[in-house]
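First to last, the sequence lines map onto chains A and B.
1 is the number of the first residue of the first sequence in our numbering; add one for each residue after it.
299 is the number of the first residue of the second sequence in our numbering; add one for each residue after it.
Only one structure is covered here, and it is reproduced in the block below.
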Amino acid sequence: MGLKKSGGTSEMGHSKTLAPALRDLWHVIAASQEVPMGGRRVTTLFDTGLTVSRNERLRVARNDDGTLLPVIERYGCIWTSFGSPSADLFPILEYGESDRRNIIAGSIGVNVSAPRAIENFLDMGHFPYVHTDILGAEPHTEVKEYDVEISFERDEILATRCRFFQPKAALTATEGQDVDYIYRVPHPYCSVLYKSCPTDESRLDVIAIFCQPMTEETIRAHLMLSMIDADNTDAGIRRFQQTIFGQDRPILENQYPKRLPLDPRAETPIRADKSAIAYRRWLSQKGVNYGVIPQQLS
Amino acid sequence: MVTLYDFELSANCYSVRLMLSILGVHYETVSVDIYPGSDNRSEWFGKLNPEGTLPVLVDGGYIISDANPCLIHLAGKYDDTDRWHPIQDWMVYPLMLGWFDFARRLTASAGVARTGVAFGWNADLPALQAEAHRLLRRLDEHLWFGEKQGRDWLVAGEHPTIADIAVFPDVVLSEEGGVSRQDYPAVRRWLDRVRRIPGFVVMSGVFPAAPERSTVPLDLRRS
Chain A
1 MGLKKSGGTS EMGHSKTLAP ALRDLWHVIA ASQEVPMGGR RVTTLFDTGL TVSRNERLRV
61 ARNDDGTLLP VIERYGCIWT SFGSPSADLF PILEYGESDR RNIIAGSIGV NVSAPRAIEN
121 FLDMGHFPYV HTDILGAEPH TEVKEYDVEI SFERDEILAT RCRFFQPKAA LTATEGQDVD
181 YIYRVPHPYC SVLYKSCPTD ESRLDVIAIF CQPMTEETIR AHLMLSMIDA DNTDAGIRRF
241 QQTIFGQDRP ILENQYPKRL PLDPRAETPI RADKSAIAYR RWLSQKGVNY GVIPQQLS
Chain B
299 MVTLYDFELS ANCYSVRLML SILGVHYETV SVDIYPGSDN RSEWFGKLNP EGTLPVLVDG
359 GYIISDANPC LIHLAGKYDD TDRWHPIQDW MVYPLMLGWF DFARRLTASA GVARTGVAFG
419 WNADLPALQA EAHRLLRRLD EHLWFGEKQG RDWLVAGEHP TIADIAVFPD VVLSEEGGVS
479 RQDYPAVRRW LDRVRRIPGF VVMSGVFPAA PERSTVPLDL RRS
């Protein structure tokens with residue numbers, strides 16, 4: 001079994017062997033605020049029950065055999081791994097800037113696979129229809145040409161030169177504006193978005209989605225914000241982001257199949273889906289085998 | 299001045315927002331971060347509503363907690379026609395109270411399943427979903443027979459009442475708690491009728507009604 005901890009005898013809660021590319025990664029399992037000092041929380045990762053507790057130190061243990069797993073705390077969240085993870089997570093340098101508001105807007109359960117959620121996060125085409133009068137509005141529906149690259153050096157996908165008209169790009173926006181977007185996918189189940197900051201044109205607001213694959217078709221989405229916003233309350237900022245995510249939820253949950261097909265012939269992309277095509281190819285090359293329908297070699 | 303203490307993703311808050319919008323009442327919103335902030339357990343909110351539940355409506359110094367009392371207050375005060383809250387009609391009024399009770403049971407089943415899935419709160423999902431299906435089946439029957447009798451709404455004949463607004467949110471959001479409405483066609487038609495009430499507003503997870511079907515018979519449309 002791919003998930004077997006050295007010396008252990010336990011197996012994953014289901015019969016699948018996790019690809020090494022997933023096994024040796026850090027995966028999010030809770031927001032830090034969900035496990036306060038003295039607190040304890042039971043959750044699920046890759047069909048496996050885990051308990052996170054915080055006393056003298058933060059601990060993550062498997063529920064089946066009590067094995068302790070590695071743990072780090074980054075970007076307002078708690079992360080663990082079933083294998084031998086690298087020393088640190090992917091960097092989000094802006095997170096450390098002293099004047100930023102770093103907020104976890106919520107950890108929300110959704111009946112969808114993690115890759116479908118990431119793909120939706122990358123998609124600008126749905127803004128006018130699903131986030132009407134917030135992230136888009138008719139007739140401004142065109143997704144203009146943008147660039148996508150897979151960086152082998154940093155092992156991540158980068159979509160740049162994205163531009164979209166948004167009536168209310170953030171809680172701080174007072175009027176509609178053309179908003180610049182940069183998307184990063186530095187982890188199969190995480191994406192980081194940089195967008196024009198309405199109050200400071202020299203800087204970018206950061207919004208990240210960290211998906212916790214509980215099963216192949218259910219996730220918890222942890223939404224992390226790192227904003228330049230001196231005016232609004234945490235509650236207000238969270239509400240804005242929860243509203244948007246709440247609009248996405250029925251769209252996510254009604255996609256079939258729920259797992260993401262990696263065969264390029266399975267679903268018909270349009271030009272606007274350039275980043276999704278790169279994402280699917282990248283997952284395929286990594287051998288990601290959870291939350292996806294792998295490409296059948298014929 | 300009307301102030302609504304509100305959480306965007308709450309179905310009960312949504313029913314009050316719906317009623318405010320349908321009646322054209324101007325109001326301001328105070329966001330209460332129930333999740334993940336637990337603001338409803340805070341000291342300041344406890345002074346407003348010791349039960350720690352939302353919505354809370356403050357209207358001219360009066361504080362009204364919970365969805366159904368808020369709906370009664372709004373219809374009583376702001377609907378001059380009395381159609382939304384036909385308190386004079388002793389045939390209709392008791393039925394309306396029955397549907398308020400129905401709405402509560404729907405919140406306790408479909409609603410708790412939905413927040414259980416979304417926020418990871420403890421919930422016995424299979425039991426809650428089974429109870430929600432039982433209630434939806436009853437609702438579907440009631441609406442189906444209503445359609446046969448020319449009754450489009452839960453109680454009154456020609457006009458919706460606050461009972462419709464009380465029941466609507468947990469029904470329209472049921473799929474987020476894993477409760478499909480596929481088997482309840484009369485419920486789906488009623489949802490569309492509610493969505494076409496002038497002043498209807500959406501919330502996250504709720505979409506506006508599709509354009510009304512053409513009444514031109516199919517064979518004429520083709521030519």
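Beta carbons are placed, not taken as given, at the ideal position from N, Cα and C, and that holds for glycine.
For residue i, count neighbouring C-beta atoms within 10 Å of its own C-beta (all shown protein chains included) and say buried if the count is 16 or more, exposed if not.
i, result
"T48(A)", "buried"
"H324(B)", "exposed"
"R57(A)", "exposed"
"I104(A)", "buried"
"F210(A)", "buried"
"R339(B)", "exposed"
"V499(B)", "exposed"
"Q296(A)", "exposed"
"M1(A)", "Bear in mind that a pLDDT of 35 at M1(A), under 50, signals an unreliable position, so the model cannot answer this."
"L68(A)", "exposed"
"Q241(A)", "buried"
"R435(B)", "exposed"
"L3(A)", "Because the pLDDT of L3(A) is 43, which lies under 50, any placement of that residue in the model is unreliable, and the question is left without a value."
"Y181(A)", "buried"
"Q212(A)", "buried"
"S98(A)", "exposed"
"K144(A)", "exposed"
"K446(B)", "exposed"
Among the options, which residue has its Cα nearest to the Cα of residue i?
i, options, result
"V313(A)", "P36(A), V52(A), E34(A)", "The shown model of chain A, from 1 to 298, leaves out residue 313(A), and the question about it has no answer."
"T215(A)", "S284(A), E34(A), Y189(A), L69(A)", "Y189(A)"
"P320(A)", "Y256(A), A235(A), R265(A)", "Since the first and last residues shown for chain A are 1 and 298, residue 320(A) lies out of range."
"L260(A)", "D231(A), Y290(A), I270(A), T141(A)", "Y290(A)"
"V406(B)", "M394(B), G418(B), L423(B), L393(B)", "Rather than Val, the amino acid found at residue 406(B) in this sequence is Ala. When each option's Cα is compared against that of A406(B), the closest is L423(B)."
"S84(A)", "G236(A), M124(A), L25(A)", "L25(A)"
"F90(A)", "E153(A), D248(A), V112(A)", "E153(A)"
"F127(A)", "V288(A), F164(A), R239(A), P36(A)", "F164(A)"
"L393(B)", "D304(B), E326(B), A461(B)", "A461(B)"
"I277(A)", "K286(A), G287(A), D263(A)", "D263(A)"
"S112(A)", "S363(B), E473(B), W442(B), V465(B)", "Note on residue identity: the sequence assigns Val, not Ser, to residue 112(A). Of S363(B), E473(B), W442(B), V465(B), the residue nearest in Cα terms is E473(B)."
"P36(A)", "A61(A), F46(A), I157(A), E73(A)", "E73(A)"
"V485(B)", "W388(B), F417(B), G444(B)", "G444(B)"
"C77(A)", "V28(A), G39(A), T44(A)", "V28(A)"
"A221(A)", "L45(A), R23(A), R281(A)", "L45(A)"
"D123(A)", "Q285(A), N55(A), S284(A), R271(A)", "R271(A)"
"P467(B)", "V390(B), S502(B), V415(B), A454(B)", "S502(B)"
"H131(A)", "F245(A), M224(A), S191(A)", "F245(A)"
"H187(A)", "E201(A), I150(A), K195(A)", "I150(A)"
"F400(B)", "I320(B), L452(B), L471(B), Y333(B)", "L452(B)"
I want to see whether chain B comes within less than 7 Å of residue i, judged by CB atoms only; does it?
i, result
"G109(A)", "yes"
"R368(A)", "Residue 368(A) lies beyond the residue range present for chain A, which begins at 1 and ends at 298; the question has no answer from this structure."
"G106(A)", "yes"
"G13(A)", "Since pLDDT at G13(A) reaches only 48, below the 50 mark, its modelled position is unreliable, and no value is offered."
"T160(A)", "no"
"T174(A)", "no"
"A230(A)", "no"
"Q242(A)", "yes"
"A114(A)", "no"
"A278(A)", "no"
"A170(A)", "no"
"A235(A)", "yes"
Of all the CB atoms in chain A, is at least one closer than 7 Å to the CB of residue i?
i, result
"E306(B)", "yes"
"S502(B)", "yes"
"V514(B)", "In this prediction, V514(B) has a pLDDT of 49, which is less than 50 and means its spatial position is unreliable; what the coordinates show is noted afterwards. No - not a single Cβ of chain A is within 7 Å of the one on V514(B)."
Taking 6 Å as the cut-off, is the CB of residue i close to at least one heavy atom of the ligand PLP?
i, result
"I293(A)", "With respect to small molecules bound, the structure shown includes none, and the ligand PLP cannot be examined in it."
Output needed in chain order: residues of the segment 462 to 487 of chain B with a Cβ under 8 Å from some Cβ in chain A. Answer set for the segment 462 to 487 of chain B: E473, E474, G476.
Subject >> Residues of the segment 405 to 418 of chain B whose Cβ lies closer than 9 Å to any Cβ of chain A, in chain order >> reply: Going along the segment 405 to 418 of chain B in chain order, one finds G414, V415, A416, F417, G418 with a Cβ nearer than 9 Å to chain A.
inquiry  = I'd like to know if the segment 86 to 99 of chain A and the segment 206 to 225 of chain A are in contact, where contact means that at least 3 CB-CB pairs between them fall below 8 Å.
reply    = Yes, the segment 86 to 99 of chain A is in contact with the segment 206 to 225 of chain A.
| query | Pairing CB atoms from the segment 476 to 487 of chain B with CB atoms from the segment 416 to 432 of chain B, are three or more of them under 8 Å? | reply | Segments in contact, yes.
Please list the residues of the segment 117 to 151 of chain A that have a C-beta atom closer than 7 Å to any C-beta atom in chain B, keeping them in chain order.
Those residues of the segment 117 to 151 of chain A that come within reach of chain B (Cβ to Cβ, closer than 7 Å) do not exist; the list is empty.
> Can you list, in chain order, the residues of the segment 323 to 334 of chain B whose Cβ is nearer than 8 Å to any Cβ on chain A?
Replying inline: Only S329, V330, D331, Y333, P334 from the segment 323 to 334 of chain B bring a Cβ to less than 8 Å from some Cβ of chain A.
For the segment 247 to 267 of chain A, list every residue whose C-beta sits within 9 Å of some C-beta in chain B, in sequence order. Residues Q247, D248, R249, P250, E253, N254.
task = State whether the segment 118 to 125 of chain A contacts the segment 342 to 356 of chain B, with contact taken as three or more CB pairs (one from each stretch) at a distance under 8 Å.
result = The segment 118 to 125 of chain A, when compared against the segment 342 to 356 of chain B, does not touch it at the 8 Å Cβ threshold.
**Asked** Looking at chain B, which residues of the segment 43 to 65 of chain A have a Cβ within less than 9 Å of any of its Cβ atoms?
**Response** Answer set for the segment 43 to 65 of chain A: T43.
- Are the segment 310 to 329 of chain B and the segment 362 to 374 of chain B touching, with three or more C-beta to C-beta distances below 8 Å? Verdict: yes, contact present.
**Asked** Are the segment 300 to 309 of chain B and the segment 171 to 180 of chain A touching by the rule of at least three beta carbon pairs closer than 8 Å?
**Response** No, because fewer than three Cβ pairs between the segment 300 to 309 of chain B and the segment 171 to 180 of chain A fall closer than 8 Å, the two stretches do not touch.
**OP:** Could you tell me whether the segment 234 to 244 of chain A touches the segment 325 to 333 of chain B, using the rule of 3 or more Cβ pairs below 8 Å?
**Re:** Three or more beta-carbon pairs separated by less than 8 Å link the segment 234 to 244 of chain A to the segment 325 to 333 of chain B, which places the two stretches in contact.
Residues, ordered as in the chain, of the segment 364 to 392 of chain B that lie near chain A by beta-carbon distance below 9 Å | Under the 9 Å Cβ criterion, the segment 364 to 392 of chain B contributes no residue.
request  = With 8 Å as the limit, tell me which residues of the segment 210 to 229 of chain A have their beta carbon closer than that to any beta carbon of chain B; keep them in chain order.
outcome  = Flagged, chain order: R220.
| said: Can you pull out the residues from the segment 19 to 33 of chain A whose beta carbon lies closer than 8 Å to at least one beta carbon of chain B? | reply: From the segment 19 to 33 of chain A, only A31, Q33 have a Cβ closer than 8 Å to chain B.
Interface positions of the segment 334 to 346 of chain B facing chain A (Cβ-Cβ less than 9 Å), listed along the chain = Identification of residues in the segment 334 to 346 of chain B having a C-beta nearer than 9 Å to some C-beta of chain A yields P334, G335, D337, given in sequence order.
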